[in-house]
Amino acid sequence: MRFDLSVLRNPLRCIPLRSMTFAVALAGLASHHAAHASDDSAADGTPKTSWADSVRAALANRAHQAAHAWSQHGMASWYGRHFHGHRTASGTTFNTNDLTAAHPSLPLGTKLLVTSQDTGRSVVVTVNDRGPFNSRIIDLSHAAAAKIGMLGAGTAHVTIAKMTDIAPSMHPATEPEVAEADPSDTSAQAIQAAGTSIAPVSRHGSGTHRTPHHHH
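Mapped onto mature numbering (1 follows the signal peptide of the UniProt record, and there is no 0), the consecutive letters of the sequence shown carry residue numbers -37 to -1, 1 to 179.
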């Protein structure tokens, strides 16, 4: 009996071509199934991050940055009822029952979220006046001061932020009350005042000059 020594040197020569093709096809199917199973397991709870989750995370990060784009920390005071009816720097009449405030430099008409660090309470106010001219960062109307619980102390540690810079998710769970605008707020005088320089306006010698109120 004779043996073909070439078979021992190259065993693949004895395997039919059809069998080899079938084996290669099976290997390809197994590889595809393994990859598909891996994808399914990732979708079923592995740490794989979906496209939607990535978008949500990016939007949340952008909103967080916007919410902290501008804020100011410091002491707030409030001014008393005897200033009721006086003219403000915006040209409107000061009303102690409106949720308004005086700020040294922010544009008149700016809406601010004022949060007391002492009580945790917040209120939305509209800047319609200039001041205070001391170490305090904002002067609140009687109504606004009452909303954040600072009437008794006269002053409060606060954080103020412009409403246009606050993301919706960062707003208080209970929406603060916002005062209705006075009819005079739409007057030509008020509009002209709102477009003027935002530098602090000295009111010495005028009817609107006041000092912060620190008592009842």
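Heads up, the beta-carbon is just placed ideally off N, CA and C, and yes, glycines get one too.
Buried/exposed call for residue i, threshold 16 Cβ in 10 Å
{"i": "A20", "result": "exposed"}
{"i": "S17", "result": "exposed"}
{"i": "N60", "result": "exposed"}
Proximity test, Cβ basis, 8 Å: residue i and chain D
{"i": "M38", "result": "Looking at the structure shown, chain D is missing, and only one protein chain is on hand."}
Residue i versus residue j: straight-line alpha-carbon distance, rounded
{"i": "D81", "j": "N91", "result": "25 Å"}
{"i": "S53", "j": "A64", "result": "11 Å"}
{"i": "I101", "j": "S13", "result": "45 Å"}
{"i": "T118", "j": "G43", "result": "12 Å"}
{"i": "S98", "j": "H36", "result": "12 Å"}
Short Cβ contact (8 Å threshold) for residue i with residue j
{"i": "R93", "j": "P67", "result": "yes"}
{"i": "L62", "j": "A107", "result": "yes"}
{"i": "M38", "j": "H120", "result": "yes"}
{"i": "K74", "j": "V87", "result": "yes"}
{"i": "T89", "j": "T122", "result": "no"}
Beta-carbon proximity list for residue i, same chain, < 7 Å, skipping 5 on both sides
{"i": "R84", "result": "K110, I111, G112"}
{"i": "P95", "result": "S40, A65, D102, P175"}
Sequence-distant residues of the same chain with beta carbon closer than 8 Å to residue i, five excluded per side
{"i": "G72", "result": "S53, T89, V90, N91, A157"}
Beta-carbon proximity list for residue i, same chain, < 6 Å, skipping 5 on both sides
{"i": "N58", "result": "none"}
Query raised in the report: Counting pairs of beta carbons, one from the region 112 to 126 and one from the region 43 to 51, are three or more of them closer than 8 Å?
Result: Taking 8 Å as the limit for Cβ pairs, the verdict is that the region 43 to 51 does not touch the region 112 to 126.
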